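Reading through the structure tokens given below for one structure.
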Amino acid sequence: MKSYGSHNQTAIRFLLPTALSLGKNETGNQSVSAQTVGNLLLLNSSRLLHVNESNRTTNVSLNLRSPVGPTAEVTQTIVKSLNKPSLPFSNSWLSSGSARKTMGRQQGRKRRRRCRHVLVNSQGGVGSSAFMDLLKSSHVAINSPEDADGFKHKSSDQFRHTQDEIGLRGLDCASKAMIIVGDPLHSIESVHRRYSVDHLNKWRDIAHRSPYPEGTRLSDVWAEIARARQDTTGVSNYITSWMRATRERNWPELRLVTTRSLYEHAVDHAKYLGVGDHMLKPFRALAYRPQPFKTSAPPLVQEIFKPIRLQINKLEAETSSSP
1 MKSYGSHNQT AIRFLLPTAL SLGKNETGNQ SVSAQTVGNL LLLNSSRLLH
51 VNESNRTTNV SLNLRSPVGP TAEVTQTIVK SLNKPSLPFS NSWLSSGSAR
101 KTMGRQQGRK RRRRCRHVLV NSQGGVGSSA FMDLLKSSHV AINSPEDADG
151 FKHKSSDQFR HTQDEIGLRG LDCASKAMII VGDPLHSIES VHRRYSVDHL
201 NKWRDIAHRS PYPEGTRLSD VWAEIARARQ DTTGVSNYIT SWMRATRERN
251 WPELRLVTTR SLYEHAVDHA KYLGVGDHML KPFRALAYRP QPFKTSAPPL
301 VQEIFKPIRL QINKLEAETS SSP
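Residue numbers (UniProt numbering): 1 to 323.
Quick look at the structure:
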């Protein structure tokens, strides 16, 4: 806004009571509010103000050039026009649907800006740790790659969320998330080999099942699944929960990828999560080099996991061609 200097600020202070006195009707009642007149005098720095009220234009002329002292011409025509009943300009605008939508979008952006973190979540046994370590070294605010905060392997049902944020308790909130999934049979064997039943029991908690006892062998896990004729580990619950979340509208940005997509499009995923262009070099060096895998699961167990594996294969075909 253009500034008139101290002399013209004095002029405006002088004009305000003059305009208010002219704004009184024949009975002496104040028919033009101080707020309305004040807005007319102070709203715009130009000498001619145009204020639209209910499809009516009101002109206010200000003479601020007097070398002797501040004077003003607020014509009686203007005052009569102002005295006509009309809805306040600001209230009529705020009552419109477009105004409410605009304010809602602005509030949503403010909430997203308040969430400094992004969530990286995986089922386990899908190669997410190396990618998360690179994110952390690139100064992206993420949850713990070692799952020290407990957010890395949770299902979607275990998070508080709105369309603007995902709650992370001590980390405040996340503005977006990337979820990495893969072959459930490979994951079961990978996490059992490295962590025994510790990771398996995180999935069991998702499925509301009691934890596996210490010392449970992989063959015992397969045998239980075969007897139940369904996945009893909980990994299927994890995968389907996030697939469902990506179709729901009450989440912020979610990106569901497979291990292959994670490494084939590492640069794109890194940029999505907030890595700056000058920090992308390590991500360009990543490559998808899967090791040969042959599951030890019995044929019946493989058949039980066939539907969820087909969904993973479909997702992989989609996300590998375009991130």
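Just so you know, even glycine gets a beta-carbon here, dropped at the ideal spot from N, CA and C.
Model, not experiment: these values are computed from the prediction.
Residue range of the unbroken alpha helix (DSSP H) whose run includes residue i
i           : result
residue 359 : Absent from the structure is residue 359, since the part of the chain shown begins at 1 and ends at 323.
I179        : Looking at the DSSP string, I179 is not in any alpha helix (DSSP H); the run it does join, the beta strand (DSSP E), is 173–181.
S129        : 128–137
V118        : First-last for V118: 117–122, but that is the beta strand (DSSP E), not the alpha helix (DSSP H).
L218        : 218–228
Y272        : 266–272
V191        : 184–195
F283        : 281–284
N143        : Looking at the DSSP string, N143 is not in any alpha helix (DSSP H), and its letter there is neither H nor E.
L200        : 198–206
When the options are compared against residue i, the one with the closest alpha-carbon
i    : options                : result
P145 : K154, S155, S129       : S129
H208 : D231, S187, V191       : D231
R249 : L135, T162, L119       : T162
F305 : D149, L273, P184, V126 : P184
S137 : K294, G276, Y288       : G276
C173 : R193, T216, N143       : N143
P282 : R114, M132, V118       : M132
I225 : G182, Q302, E165       : Q302
E214 : L200, I206, W222       : L200
I312 : D164, L300, Y212, R260 : R260
M178 : R229, K271, P307       : K271
I206 : R227, G182, Q158       : Q158
G127 : V221, H192, R160, T258 : T258
Between the CA atoms of residue j and residue i - distance to the nearest angstrom
i    : j    : result
Y195 : H153 : 14 angstroms
R116 : S219 : 43 angstroms
Y263 : L286 : 6 angstroms
K101 : S190 : For K101, the predicted model reports a pLDDT of 46, less than 50, meaning its position is unreliable and no value from the coordinates is stated.
Q291 : F151 : 27 angstroms
L134 : V120 : 12 angstroms
H318 : L310 : With the sequence shown as reference, residue 318 is identified as Glu, and His is not the correct amino acid for it. Using only the alpha carbons, I get a separation of about 13 angstroms.
R247 : L315 : 14 angstroms
T240 : I180 : 12 angstroms
D147 : Q123 : 12 angstroms
K176 : P252 : 6 angstroms
D198 : R217 : 12 angstroms
S156 : L273 : 18 angstroms
A266 : L168 : 25 angstroms
H139 : P298 : 44 angstroms
H186 : A141 : 29 angstroms
V118 : H278 : 19 angstroms
Terminal residues of the beta strand (DSSP E) in which residue i lies
i    : result
V257 : 253–258
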